[in-house]
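*Asks:*
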Amino acid sequence: MDTSFFVAWMEEIATAVQAQRDHLTQLDAAIGDADHGSNLDRGFGEVRRALADSPPETPGAVLRLAGATLIRKVGGASGPLYGTAFRQMGRSLGDVSDISLAELSTALDAALAGVQKLGAAVEGDKTMVDALAPAVRALAKAVQDGVKAEDALSAVAAAAQEGAKATIPLQARKGRASYLGSRSAGHEDPGAASTALVLSALRTAGFRTW
Amino acid sequence: MKKLINSVDGVVTDALTGIAAAHPSLRVDLENKVVFRASGPRPGKVALVSGGGSGHEPLHGGFVGYGMLDAACPGEVFTSPVPDQIIEATKGSDGGAGVLHIVKNYTGDVLNFEMAAELCADEGVDVVSVLVNDDVAVQDSLYTAGRRGTGATLFVEKIAGALAETDAPLSEVARVAREVNDRSRSFGVALTACTVPAAGKPTFDLPESEIELGIGIHGEPGRTRTGLSEAREIVRVAMDAINDDLPLSGDVLVMVNGMGGTPLLELYIVYAEVAAYLAEKGATPVRNLVGNYVTSLDMQGFSVTTCALTDEFRALWDAPVETPGLRWGR
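In the order they appear, the protein sequences are chains A and B. With UniProt numbering applied, the first sequence has no gaps in its numbers, which climb one by one up to 210 at the end. With UniProt numbering applied, the second sequence has no gaps in its numbers, which climb one by one up to 330 at the end.
1) Rank A:92, A:43 and A:58 by C-alpha distance to the C-alpha of residue 68 of chain A and give the top, closest one.
2) Would a C-beta distance cut-off of 9 Å place residue 54 of chain B and residue 190 of chain B closer than the cut-off?
3) Would you say residue 50 of chain B and residue 103 of chain B are within 9 Å of each other, going by their C-beta atoms?
4) Residue 66 of chain A by DSSP, collapsed to three states: which one?
5) Check for me: the alpha helix (DSSP H) holding residue 36 of chain A runs from which residue to which?
6) Does DSSP put residue 308 of chain B in a helix, in a strand, or in coil?
7) Mind checking who residue 36 of chain B pairs with in its DSSP beta bridge?
8) Could you say if the segment 291 to 306 of chain B and the segment 254 to 262 of chain B meet the contact criterion of at least three C-beta pairs nearer than 8 Å?
9) Which of helix, strand or coil does DSSP assign to residue 106 of chain A?
10) Please return the same chain residues whose Cβ sits closer than 7 Å to the Cβ of residue 34 of chain A, not counting the five positions on each side in sequence.
11) So, using beta-carbon positions, are residue 130 of chain A and residue 166 of chain A closer together than 9 Å?
12) For residue 151 of chain B, which of B:36, B:137, B:145 and B:47 has the nearest alpha-carbon?
13) Between the segment 176 to 190 of chain A and chain B, which residues of the former have CB atoms less than 7 Å from a CB of the latter, in chain order?
14) Please report the straight-line C-alpha distance between residue 19 of chain B and residue 20 of chain A, rounded to a whole angstrom.
15) Which term fits residue 282 of chain B, buried or exposed, when burial requires 16 or more other beta carbons within 10 angstroms of its beta carbon?
16) Give me the Cα-Cα distance between residue 82 of chain A and residue 191 of chain A, rounded to the nearest whole angstrom.
17) On a Cα-Cα basis, can you pick out the residue from B:22, B:82, B:238 and B:135 that is closest to residue 113 of chain B?
18) Looking at chain A, is there any beta carbon in it that lies within less than 9 Å of the beta carbon of residue 84 of chain B?
19) Shortest alpha-carbon distance to residue 134 of chain B belongs to which of B:127, B:145 and B:184?
20) Let me confirm a value: residue 150 of chain A is counted as buried when at least 16 other C-beta atoms fall within 10 Å, else exposed. Which label applies?
21) Between residue 128 of chain B and the rest of its own chain, which residues show a CB-CB distance below 6 Å, the 5 nearest in sequence each way excluded?
22) In the DSSP assignment, what are the bridge partners of residue 122 of chain A?
23) Among B:38, B:58 and B:253, which one has its Cα closest to the Cα of residue 66 of chain B?
24) Using a Cβ-Cβ distance under 9 Å, would residue 226 of chain A count as near chain B?
25) For residue 160 of chain B, I'd like the list of residues in its chain whose CB is within less than 6 Å of its CB, leaving aside the five on either flank, ordered along the chain.
26) Using only alpha-carbon positions, find the residue among B:11, B:139 and B:215 that is nearest to residue 192 of chain B.
27) Return the first residue and the last residue of the beta strand (DSSP E) that residue 185 of chain B is part of.
28) From this set, A:153, A:164 and A:182, which residue's C-alpha is nearest residue 207 of chain A's C-alpha?
29) Spatial neighbours of residue 200 of chain B within its chain, please: CB distance less than 6 Å, with the 5 preceding and 5 following residues excluded, ordered by chain position.
30) Ordered along the chain, which non-local residues of its own chain (more than five positions away) have a Cβ less than 6 Å from that of residue 149 of chain B?
31) Here's the rule I'm using: 16 or more other beta-carbon atoms within 10 Å means buried, otherwise exposed. How should residue 88 of chain B be labelled?
32) Between the segment 71 to 85 of chain B and the segment 69 to 81 of chain A, do at least 3 Cβ pairs fall closer than 8 Å?
33) Going along chain B, which residues have a C-beta under 7 Å from residue 75 of chain A?
34) Mind pulling the alpha helix (DSSP H) runs of 4 or more residues that sit fully within the segment 213 to 293 of chain B?
35) Short of 8 Å in beta carbon distance, which residues of its chain neighbour residue 224 of chain B, apart from the five on each side in sequence? Order them along the chain.
36) Just list the residues that DSSP pairs residue 302 of chain B with in beta bridges.
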């Protein structure tokens with residue numbers, strides 16, 4: 001996976017978030033404050049612009065620029081959390097120009113660690129971690145089993161989507177939805193839903209560049 | 001959605017343009033979205049910086065001025081500001097005596113202010129943060145993000161701001177800010193939801209005969225929904241929640257705050273009930289505010305905030321203040 005793959009990933013995320021903007025905002029209106037879709041749409045639009053303005057030369061640089069842009073432009077909890085996820089991935093990838101599946105797996109693990117350190121959330125708290133953690137495990141398993149890249153990324157997408165859906169019955173223990181207490185149950189967590197979009201875009205980026 | 005806006009994306013910038021035009025005592029940095037005092041930093045004075053999502057006006061920009069804040073950074077509607085804004089506000093208001101960040105306890109606000117404070121410290125600016133978490137509707141436990149910061153933010157900004165004007169050191173201003181928060185409690189009630197411009201419709205559906213108890217200031221639903229009853233009974237629920245958490249006695253500063261769409265007529269009806277409740281508990285509302293101070297766009301409803309006053313706090317509350325949202329004694 002080279003620089004163009006990671007640029008394609010960011011573009012696919014921007015497209016998916018734009019298409020799902022209202023859906024994410026409505027999920028957030030149910031248990032939060034109705035800004036998740038518009039914030040991420042704004043943020044990934046800025047990422048797209050930043051990448052076009054100064055095209056990075058390595059995969060790691062793509063992710064570090066994306067992360068810094070999200071932290072600077074989005075605000076709320078999602079800006080620092082997504083920004084940290086991409087920055088940690090970018091740091092993990094260093095300046096290698098061609099990324100193996102194993103390196104991607106290590107980087108995704110670093111993203112999870114960064115998010116958990118900043119947000120102090122564990123699985124089951126009804127947050128983005130509920131989509132990210134199963135995806136990290138799915139990728140690690142795919143690397144271990146030696147499956148080919150397309151199948152590995154499909155497994156990542158499936159695990160993230162399943163994780164997001166599994167947040168529906170949960171009661172939130174972190175973030176704004178936690179203020180609702182038991183009333184937060186019965187709704188999909190918007191952060192987990194957007195994380196599933198972000199990770200599913202890995203697969204679409206693969207289809208586009210391979 | 002029916003709103004007086006030019007475009008959904010321009011809401012914050014267009015409002016800041018109006019604030020700049022209306023208040024020559026303020027300097028508005030439209031590019032970085034920061035509201036400063038026009039007079040600039042005063043050497044030797046601790047600067048107070050706050051910020052948060054837009055939609056709560058006059059909080060925070062309306063409380064920039066003598067005796068309160070030195071700078072405020074408004075984020076998008078209901079979205080915390082970004083670190084870049086907070087850094088600009090901090091560096092642009094530092095008079096060399098350090099900067100106090102007043103942060104409402106929401107995950108996004110806390111994360112963005114933390115990142116900004118770290119980066120400012122790297123550049124040699126002394127920053128201390130104080131968290132406001134006065135909302136008794138949320139239990140502070142492992143199972144929530146902790147209590148929300150609501151009405152007490154105004155008390156903290158006013159009382160700590162008055163102390164900062166005396167050139168008190170940063171540690172002392174921070175101590176007072178924390179103590180004001182510790183002695184304050186709030187509870188909010190919604191009669192309607194509010195409409196975030198970017199969402200285009202109310203954040204929740206509330207039937208004509210029902211109200212939400214224990215709301216925050218972001219249009220999020222409350223802890224429970226119940227039937228509409230007389231103001232007297234609704235106020236009792238709110239005051240009981242406060243009194244159960246921190247029993248009311250002695251001299252109290254009390255604010256009956258409108259959520260943005262509530263007639264002042266109704267807020268005074270609420271205040272009458274609050275005053276009667278306090279009298280029943282043997283507490284005296286020696287200072288009060290009734291009006292729209294910490295709003296939630298066009299929501300109808302109110303919140304009550306109480307602060308158990310000390311002599312020190314009462315004197316600081318009475319000290320002169322000159323901001324667009326609060327002014328007396330000068």
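For glycine and all other residues, C-beta sits at the position ideal for the given N, C-alpha and C.
*Replies:* In short, the structure shows the following:
1) A:43
2) no
3) yes
4) helix
5) 36 to 53
6) strand
7) B:27 and B:71
8) yes
9) helix
10) 25 and 28
11) yes
12) B:137
13) 176, 178, 179, 180, 181 and 183
14) 34 Å
15) exposed
16) 10 Å
17) B:82
18) yes
19) B:184
20) exposed
21) 100, 170 and 174
22) In the DSSP output, where bridge partners are listed per residue, residue 122 of chain A has none listed.
23) B:38
24) Nothing about residue 226 of chain A can be reported from this structure: the residues present for chain A run from 1 to 210 only.
25) 173, 176 and 177
26) B:215
27) 184 to 190
28) A:153
29) 1
30) 104, 105, 132 and 133
31) buried
32) yes
33) 75, 76, 79, 80, 81, 82, 108 and 112
34) 231 to 245 and 264 to 280
35) 212, 213 and 214
36) B:189 and B:258
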